[in-house]
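Trainee: I'd like to ask some things about the structure below.
Numbering (the working numbering), first residue to last: 5 to 442.
Next up, the structure:
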């Protein structure tokens with residue numbers, strides 16, 4: 005059999021069907037299957053003689069292996085006058101020499117041209133598209149990287165990097181100059197900050213020294229009172245005045261030290277009826293109390309918001325409720341009127357407190373909070389009127405005052421028909437009317 009007949013025969017072989025994954029082997033004869041698979045691999049590598057030997061061994065060990073028998077018969081029918089491996093090798097060598105001689109004369113080859121036998125066998129066994137001579141020739145025709153080209157390429161890269169570095173250095177120098185010019189235009193800024201910090205420390209030290217002075221004076225008064233027959237009531241009165249003064253300056257000292265909770269506790273111990281404060285003392289007292297309450301409220305508001313966002317309604321309710329207790333009426337909120345941001349903070353705290361109260365079942369407190377905010381007629385109340393009415397309706401439904409809830413749900417629908425809350429209000433209205441039997 006010549007190489008053309010072998011080629012036609014090999015075209016008919018489905019090597020996927022012969023693979024070990026598709027051959028059912030006897031469980032007690034794994035060696036036969038392993039030998040068979042090895043023979044298949046030899047066929048795919050043109051080692052026909054080796055494959056014949058292995059297939060003969062397989063048939064001898066397992067005469068019932070029909071696929072092995074058929075394949076062995078086919079290989080034996082090809083003849084054994086000369087090894088098929090040698091025949092194939094000679095054919096491939098001749099074809100390769102022929103291809104090389106053609107490649108020297110031609111620079112291009114059309115994609116529809118003939119494919120060499122070697123390429124055909126490679127595509128047959130690997131199941132991959134054949135590699136065209138055009139691509140092989142194109143790869144050979146590309147210029148090779150010479151040492152000179154490599155050195156030039158490296159030089160271009162180095163020059164590019166140097167340019168980038170110079171640009172970055174120039175940009176840094178320009179930014180530094182601008183910064184220096186800015187600092188030069190405001191030479192007092194650093195010294196002013198230092199001065200303010202120093203003044204704060206000095207102020208704190210001054211109040212602390214004043215507290216110590218009052219403590220010393222009170223102690224001396226008590227010693228005098230215990231060791232003399234002087235007017236007891238007179239010394240007690242003086243001691244009481246000094247005690248109130250001491251508390252005032254101690255509270256101020258703690259406030260300057262940003263210990264607002266401790267400062268407020270001390271200031272709340274002052275009995276203004278017994279203090280006999282001067283106008284300056286009263287001004288300092290009121291200012292310090294307001295400052296402490298404000299900073300405590302801001303801290304509570306920030307932490308309350310975080311808890312509210314985390315859906316921790318019980319903890320958030322406590323924070324917001326404490327703020328309301330610090331500003332329980334509109335007159336107390338007037339402290340913030342110079343800054344709408346913080347007056348809105350108080351009303352927002354009460355609004356969120358009411359929402360939290362509803363979530364934890366404190367419906368009456370929720371109603372009081374909503375009413376407090378709505379009746380304030382503040383900018384915050386005007387901006388959130390729709391929400392105040394809707395949430396009040398829910399709270400009234402919570403205490404089973406369905407008539408009031410119906411009124412408020414209907415108010416939202418009538419006054420804000422295009423809002424998202426109007427959709428929920430319709431559901432709420434239907435629910436309360438069902439409760440009322442309407």
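By construction, the Cβ of each residue, glycine as well, lies at the ideal position given by its N, Cα and C atoms.
Grab me the residues of residue 185's own chain with a C-beta within less than 8 Å of its C-beta, minus the 5 sequence neighbours each way, in chain order.
Mentor: none
Trainee: Do you know how far the Cα of residue 339 is from the Cα of residue 346?
Mentor: 9 Å
Trainee: Using only the alpha-carbon positions, how far apart do residue 415 and residue 374 sit?
Mentor: 15 Å
Trainee: Spatial neighbours of residue 357 within its chain, please: CB distance less than 7 Å, with the 5 preceding and 5 following residues excluded, ordered by chain position.
Mentor: 321, 324, 325, 328, 373
Trainee: So, residue 62 versus residue 40, is the Cβ gap smaller than 7 Å?
Mentor: yes
Trainee: Please go through the same chain and pick out, in chain order, the residues whose beta-carbon is closer than 7 Å to the beta-carbon of residue 307, but skip the five residues on each side of it.
Mentor: 323
Trainee: Measure the alpha-carbon distance for residue 401 versus residue 392 and round it to whole angstroms.
Mentor: 14 Å
Trainee: Taking C-beta to C-beta, are residue 248 and residue 287 nearer than 7 Å?
Mentor: no
Trainee: Could you give the distance in angstroms between the alpha-carbon of residue 269 and the alpha-carbon of residue 394?
Mentor: Rounded to whole angstroms, the gap between the alpha carbons of residue 269 and residue 394 is 39 Å.
Trainee: Have a look at residue 370 and residue 330 and give me their C-alpha separation to the nearest angstrom.
Mentor: 18 Å
Trainee: Can you give me the C-alpha to C-alpha distance between residue 47 and residue 149, rounded to a whole angstrom?
Mentor: 41 Å
Trainee: When the distance is taken between beta carbons, is residue 412 closer than 7 Å to residue 396?
Mentor: yes
Trainee: Mark residue 77 as exposed unless 16 or more other C-beta atoms lie within 10 angstroms of its C-beta, in which case mark it buried.
Mentor: exposed
Trainee: When the Cα of residue 433 is compared with those of 216, 410, 421, which residue comes out closest?
Mentor: Closest by alpha carbon: 410.
Trainee: For a test of the three-state rule: what should DSSP assign to residue 153, helix, strand or coil?
Mentor: helix
Trainee: Please check the pair residue 430 and residue 406, which I expect to be a contact at CB under 8 Å, by giving their CB distance rounded to whole angstroms.
Mentor: 16 Å between Cβ atoms; not a contact.
Trainee: What does the alpha-carbon distance come out to for the pair residue 212 and residue 382?
Mentor: 41 Å
Trainee: Could you check the C-alpha separation between residue 404 and residue 420 for me, to the nearest Å?
Mentor: 24 Å
Trainee: Taking residue 252 as the reference, which of 285, 265, 378 has the closest Cα?
Mentor: 285
Trainee: Whose C-beta lies closer than 8 Å to the C-beta of residue 377 among residues of the same chain, with five residues either side of it excluded?
Mentor: Once the five neighbours on either side are set aside, the close Cβ partners of residue 377 are 351, 354, 355, 358, 384, 385, 388, 392.
Trainee: Have a look at residue 242 and residue 273 and give me their C-alpha separation to the nearest angstrom.
Mentor: 17 Å
Trainee: Taking C-beta to C-beta, are residue 299 and residue 264 nearer than 7 Å?
Mentor: yes
Trainee: Sort 151, 45, 317 by Cα distance to residue 363 and report the nearest one.
Mentor: 317
Trainee: What is the DSSP secondary structure of residue 445, counted as helix, strand or coil?
Mentor: This structure gives no information on residue 445, because the portion of the chain shown stretches from 5 to 442.
Trainee: Is the beta carbon of residue 215 less than 7 Å from the beta carbon of residue 257?
Mentor: In this structure, residue 215 sits near residue 257, with a CB-CB distance shorter than 7 Å.
Trainee: Give a yes or no on whether the C-beta atoms belonging to residue 259 and residue 295 are separated by under 7 Å.
Mentor: yes
Trainee: Taking residue 427 as the reference, which of 441, 390, 408 has the closest Cα?
Mentor: It is 390.
Trainee: May I ask which residues mark the beginning and end of the alpha helix (DSSP H) holding residue 275?
Mentor: Going by DSSP, residue 275 is part of no alpha helix (DSSP H) at all; its letter is neither H nor E.
Trainee: Measure the Cβ-Cβ separation of residue 349 and residue 289 and say whether it is below 7 Å.
Mentor: no
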